[in-house]
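Just so you know, the UniProt record's numbering puts 272 at position 271 of the sequence shown, and the rest follows in order with no gaps.
Below is one structure, written out as structure tokens; the observations come after it.
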Amino acid sequence: SQARKIVILPGDGIGPEIIAEGRKVLDAINEQYNLGLSMETCVFGGAAYDETGTPLPESTLNACRDSAAILLGAIGGPKYDKAPRELRPERGLLGLRSELGLFANLRPALLYPELAAASSLKPELVAGLDLMIVRELTGGIYFGQPRGIEERNGERVGFNTMVYSESEIRRIGIRAFEIARQRGSRLCSVDKMNVLEVSELWREIMIDVSKDYPDVELTHMFVDNAAMQLVRAPKQFDVMVTSNLFGDVLSDAAAMLTGSIGMLPSASLNEAGQGMYEPIHGSAPDIAGKGIANPLATILSVSMMLRYTLKEAEAADAIDAAVAQVLAQGYRCQDIATGQSEEKVINTTEMGDAVIAALQVGVD
Ligand code: NAD
Ligand code: IPM
Ligand code: MN
Numbered sequence: 002s003q004a005r006k007i008v009i010l011p012g013d014g015i016g017p018e019i020i021a022e023g024r025k026v027l028d029a030i031n032e033q034y035n036l037g038l039s040m041e042t043c044v045f046g047g048a049a050y051d052e053t054g055t056p057l058p059e060s061t062l063n064a065c066r067d068s069a070a071i072l073l074g075a076i077g078g079p080k081y082d083k084a085p086r087e088l089r090p091e092r093g094l095l096g097l098r099s100e101l102g103l104f105a106n107l108r109p110a111l112l113y114p115e116l117a118a119a120s121s122l123k124p125e126l127v128a129g130l131d132l133m134i135v136r137e138l139t140g141g142i143y144f145g146q147p148r149g150i151e152e153r154n155g156e157r158v159g160f161n162t163m164v165y166s167e168s169e170i171r172r173i174g175i176r177a178f179e180i181a182r183q184r185g186s187r188l189c190s191v192d193k194m195n196v197l198e199v200s201e202l203w204r205e206i207m208i209d210v211s212k213d214y215p216d217v218e219l220t221h222m223f224v225d226n227a228a229m230q231l232v233r234a235p236k237q238f239d240v241m242v243t244s245n246l247f248g249d250v251l252s253d254a255a256a257m258l259t260g261s262i263g264m265l266p267s268a269s270l271n272e273a274g275q276g277m278y279e280p281i282h283g284s285a286p287d288i289a290g291k292g293i294a295n296p297l298a299t300i301l302s303v304s305m306m307l308r309y310t311l312k313e314a315e316a317a318d319a320i321d322a323a324v325a326q327v328l329a330q331g332y333r334c335q336d337i338a339t340g341q342s343e344e345k346v347i348n349t350t351e352m353g354d355a356v357i358a359a360l361q362v363g364v365d
């Protein structure tokens, strides 16, 4: 893959709106820090289905394979919910994750102090919140066979299979322990071992991996309790590691602790360090086309791309600092506005512009 090529996938709904702002920031940082990145935009998701009849065209997949990193907006929408399942935008996304082997999904939930009032929890419960959810992304019930809807005993049944191999559990476990070691050295593995055999194996392998990480404290929690603990006392967590579906659900819940799902970025990494970067939210059909979507999750995903794949920590720090600065200046999109008088409620493009302005002030 080309070391400096970035593929951009705007997608559907608010995807193109938030990607325009992420792209602005990426272009600005590329110039400021002389990163030598080249950008290529490809069609993906519902937009690709409309244009080519498939959500993940061969040309897009090849461009992604050939890239260092991918920046994705969001895909999907009600328009596509009646399309054959294998041609829906979501299948394109799962296909891309699977084809590139992006098994490690990092979803950091960080509270910017200025957004404490926007959190759905009381400020004292979230002050200083800094949690990392490590979600397995290419296995589990999302991909298990058999799956389908079929006729049995005169009625239809729907079925999916939750399956993990030892090696799949081990590699996400190793990734999570490595991340925990770089942070607060506490890892909570979330499973449903009291009911599911697949979770019994998950827990056994996590314990086995932990033997190589005596410096990291491993704990276990059932997923129902974890959901409750996340909204009861979220600061008890440092790093959480969990399976594909559990991680999907828990990360949307964690997002609200930080003020809005419009704030949460993500990285999806493979063994080679290649990554796809995207906000954890979807295409938000209810606000698409209105120009009010919060682009900060996408802009923070650009920062994660610089940090995790391109190893440009200084440039990543500059973006994080610029985001902190615009929030400190009182700029808010609607989703993170609370009605306080010092807030300046702005739209999607104005938020992108504010981050660019903060970046330029931050430069010597
Ligand atoms: P969603 O995340 O799109 O929206 C949930 C709620 O959050 C909506 O009220 C929306 O307006 C709000 N929201 C989301 N992002 C926002 C932002 N940046 N700024 C302000 N508000 C924001 O979830 P959904 O409604 O359940 O799903 C809509 C579509 O998106 C579905 O087709 C789904 O499959 C798809 N989806 C795609 C991805 C992805 O591309 N990675 C992720 C999740 C959902
Ligand atoms: C996400 C989304 C996807 C998922 C869907 C759109 C396939 O919800 O990225 O969190 O479930 O992984
Ligand atoms: Mn999700």
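Every residue gets a Cβ at the ideal spot worked out from N, C-alpha and C, and that includes glycine.
Point to revise | Contacting residues, own chain, Cβ-Cβ under 8 Å from Asp-365 (five flanking each side not counted) | key: Taking the first residue of the sequence shown as position 1, residue 365 is located at position 364. Model confidence at Asp-365 stands at a pLDDT of 47, short of 50, so the residue's coordinates are unreliable; what they give is reported in the following sentence. Taken in chain order, the list of residues that qualify is empty.
Check your understanding: What's the C-alpha gap between Asn-226 and Leu-38?
Key -> For the purposes of this step, residue 226 is taken as residue 225 along the sequence shown, with counting starting at 1. For the purposes of this step, residue 38 is taken as residue 37 along the sequence shown, with counting starting at 1. Approximately 44 Å, taken between the alpha carbons.
Exercise for review: Reducing DSSP to helix, strand and coil, say where Lys-345 ends up.
Suggested key: Sequence index remark: in the sequence shown, residue 345 carries index 344 (1-based). In this structure, Lys-345 counts as strand in the three-state DSSP scheme.
Point to revise | Simplified DSSP assignment, three categories, for Lys-80 | key: As a working note, residue 80 is residue 79 in the sequence shown. In this structure, Lys-80 counts as helix in the three-state DSSP scheme.
Point to revise | Short Cβ contact (8 Å threshold) for Asp-239 with Ile-281 | key: Locating residue 239 in the sequence shown gives position 238, where the first residue counts as 1. Locating residue 281 in the sequence shown gives position 280, where the first residue counts as 1. Not closer than 8 Å, so no.
Review point. Applying the criterion that 16 or more other CB atoms from any shown protein chain within 10 Å of the CB defines a buried residue, is Ala-110 buried or exposed?
Key: Here residue 110 is taken as the residue at index 109 of the sequence shown, counted from 1. Classification for Ala-110: buried.
Review point. Should the stretch 189-204 be called in touch with the stretch 107-123, which here means at least 3 C-beta pairs below 8 Å?
Key: no
Point to revise | Supposed contact pair Ser-342 and Gly-77 - C-beta distance, whole angstroms, cut 8 Å | key: Counting from 1 along the sequence shown, the entry for residue 77 is found at position 76. Counting from 1 along the sequence shown, the entry for residue 342 is found at position 341. No, Gly-77 and Ser-342 are not in contact; Cβ-Cβ is about 37 Å, not under 8 Å.
Check your understanding: Among Leu-360, Gly-46, Arg-66 and Leu-107, which one has its Cα closest to the Cα of Arg-86?
Key -> For the purposes of this step, residue 86 is taken as the residue at position 85 of the sequence shown. Comparing Cα-Cα distances from Arg-86 to each of Leu-360, Gly-46, Arg-66 and Leu-107, the minimum goes to Gly-46.
Point to revise | Run of the alpha helix (DSSP H) containing Asp-13, from where it starts to where it stops | key: What you label residue 13 is simply residue 12 of the sequence shown in a count that begins at 1. Counting along the chain, Asp-13 falls outside any alpha helix (DSSP H), and DSSP gives it neither H nor E.
Exercise for review: Tell me where the beta strand (DSSP E) around Thr-243 begins and ends.
Suggested key: In the sequence shown, counting from the first residue as 1, residue 243 sits at position 242. Element bounds for Thr-243: 240-243.
Review point. For the stretch 329-349 against the stretch 286-305, are there 3 or more C-beta pairs whose distance is under 8 Å?
Key: yes
**Study point:** Closest by C-alpha distance to Gly-260, when choosing among Tyr-113, Leu-95, Pro-147 and Gln-237
**Key:** Counted from its first residue, the sequence shown places residue 260 at position 259. Checked all of Tyr-113, Leu-95, Pro-147 and Gln-237; the closest Cα to Gly-260 is Tyr-113.
Practice item. Check whether the Cβ of Ala-49 sits closer than 7 Å to any heavy atom of ligand 1, and report yes or no. Key: Along the sequence shown, one-based indexing puts residue 49 at 48. Result no, Cβ not under 7 Å from ligand 1.
Practice item. Just tell me which of Lys-212, Val-362 and Asp-51 has its CA closest to the CA of Pro-90. Key: Taking the first residue of the sequence shown as position 1, residue 90 is located at position 89. If we check each option's Cα against that of Pro-90, Asp-51 comes out closest.
Exercise for review: Could you check what DSSP says for Leu-111 in three-state terms: helix, strand or coil?
Suggested key: Position 110 of the sequence shown, counting from 1, holds the residue named residue 111. Three-state DSSP puts Leu-111 in a strand.
Review point. Exposed or buried, Gln-314, counting other C-beta atoms within 10 Å across all chains shown (16 or more means buried)?
Key: In the sequence shown, the residue the question calls residue 314 occupies position 313. It is Ala, not Gln, that sits at residue 314 in the sequence shown. Exposed, because fewer than 16 other Cβ atoms sit within 10 Å of the Cβ of Ala-314.
Point to revise | Ala-177 burial status per 10 Å Cβ neighbour count (16 or more: buried) | key: Here residue 177 refers to the residue found at position 176 of the sequence shown. By the neighbour-count rule (16 or more Cβ atoms within 10 Å), Ala-177 is buried.
Exercise for review: Would you decide whether Arg-172 is buried or exposed? Buried here means 16 or more other CB atoms lie within 10 Å of its CB.
Suggested key: Residue 172 sits at position 171 when you count from the first residue of the sequence shown. When all chains shown are included, Arg-172 counts as buried.
Review point. Should Ala-355 be labelled buried (16 or more other beta-carbon atoms within 10 Å of its own) or exposed?
Key: Here the question's residue 355 lines up with position 354 in the sequence shown. Buried, because 16 or more other Cβ atoms sit within 10 Å of the Cβ of Ala-355.
Practice item. Could you tell me if the beta carbon of Gly-96 falls within a distance shorter than 7 Å of some heavy atom in ligand 1? Key: Sequence index remark: in the sequence shown, residue 96 carries index 95 (1-based). Not under cutoff, so the answer is no.
Review point. In or out: Asn-106 buried (at least 16 other Cβ within 10 Å) or exposed?
Key: Looking up residue 106 in the sequence shown gives position 105. By the neighbour-count rule (16 or more Cβ atoms within 10 Å), Asn-106 is buried.
**Study point:** For Thr-162: DSSP bridge partner residues
**Key:** If you number the sequence shown from 1, residue 162 lands on position 161. According to DSSP, Thr-162 bridges with Gly-145.
Exercise for review: Could you tell me which residues DSSP pairs with Phe-223 in its beta bridges?
Suggested key: Residue numbering aside, residue 223 sits at position 222 when the sequence shown is read from its first letter. DSSP, once it has assigned bridges, lists Asp-192 as partnering Phe-223.
Practice item. Could you check how far apart the C-beta atoms of Tyr-278 and Met-305 are, in whole angstroms? I think they sit under 8 Å. Key: Taking the first residue of the sequence shown as position 1, residue 278 is located at position 277. Taking the first residue of the sequence shown as position 1, residue 305 is located at position 304. The pair is a contact, with the Cβ atoms about 5 Å apart (cut-off 8 Å).
Practice item. Hey, could you find the ends of the alpha helix (DSSP H) Tyr-50 is sitting in? Key: Counted from its first residue, the sequence shown places residue 50 at position 49. Per DSSP, Tyr-50 belongs to the alpha helix (DSSP H) from 47-53.
Check your understanding: With which residues is Thr-339 paired in a DSSP beta bridge?
Key -> The sequence position of residue 339 within the sequence shown is 338, counting from 1. Note: Thr-339 sits in no beta bridge, so no partner.
Point to revise | Which of helix, strand or coil DSSP assigns to Ala-268 | key: Looking up residue 268 in the sequence shown gives position 267. Strand.
Check your understanding: When the Cα atoms are used, what is the spatial distance from Pro-58 to Leu-101?
Key -> Working through the sequence shown from its first residue, we reach residue 58 at position 57. Working through the sequence shown from its first residue, we reach residue 101 at position 100. Roughly 14 Å separates the two Cα atoms.
Practice item. Between the Cα of Val-44 and those of Ala-228, Gly-174, Arg-187 and Leu-10, spot the shortest distance and give me the residue it belongs to. Key: Taking the first residue of the sequence shown as position 1, residue 44 is located at position 43. That would be Leu-10, whose Cα lies nearest to the Cα of Val-44.
Review point. Quick one: does the C-beta of Ile-76 sit closer than 7 Å to a heavy atom of ligand 3?
Key: Here residue 76 refers to the residue found at position 75 of the sequence shown. Not so, every heavy atom of ligand 3 lies at least 7 Å from the Cβ.
Point to revise | Residue from Thr-243, Ala-255 and Phe-160 with nearest C-alpha to Gln-230 | key: In the sequence shown, counting from the first residue as 1, residue 230 sits at position 229. The candidate whose alpha carbon is nearest that of Gln-230 is Ala-255.
Exercise for review: Spatial neighbours of Arg-92 within its chain, please: CB distance less than 7 Å, with the 5 preceding and 5 following residues excluded, ordered by chain position.
Suggested key: Looking up residue 92 in the sequence shown gives position 91. If we look at Arg-92 and ignore the five residues flanking it on each side, its Cβ neighbours are Pro-56 and Arg-86.
Point to revise | Three-pair Cβ contact test at 8 Å for the stretch 136-149 versus the stretch 161-171 | key: yes
Check your understanding: Can you name, in chain order, every residue of its own chain whose Cβ lies under 6 Å from the Cβ of Leu-301, other than the five neighbours on each side?
Key -> Residue mapping note: residue 301 aligns to position 300 of the sequence shown, counting from 1. Result list for Leu-301: Pro-266, in chain order.
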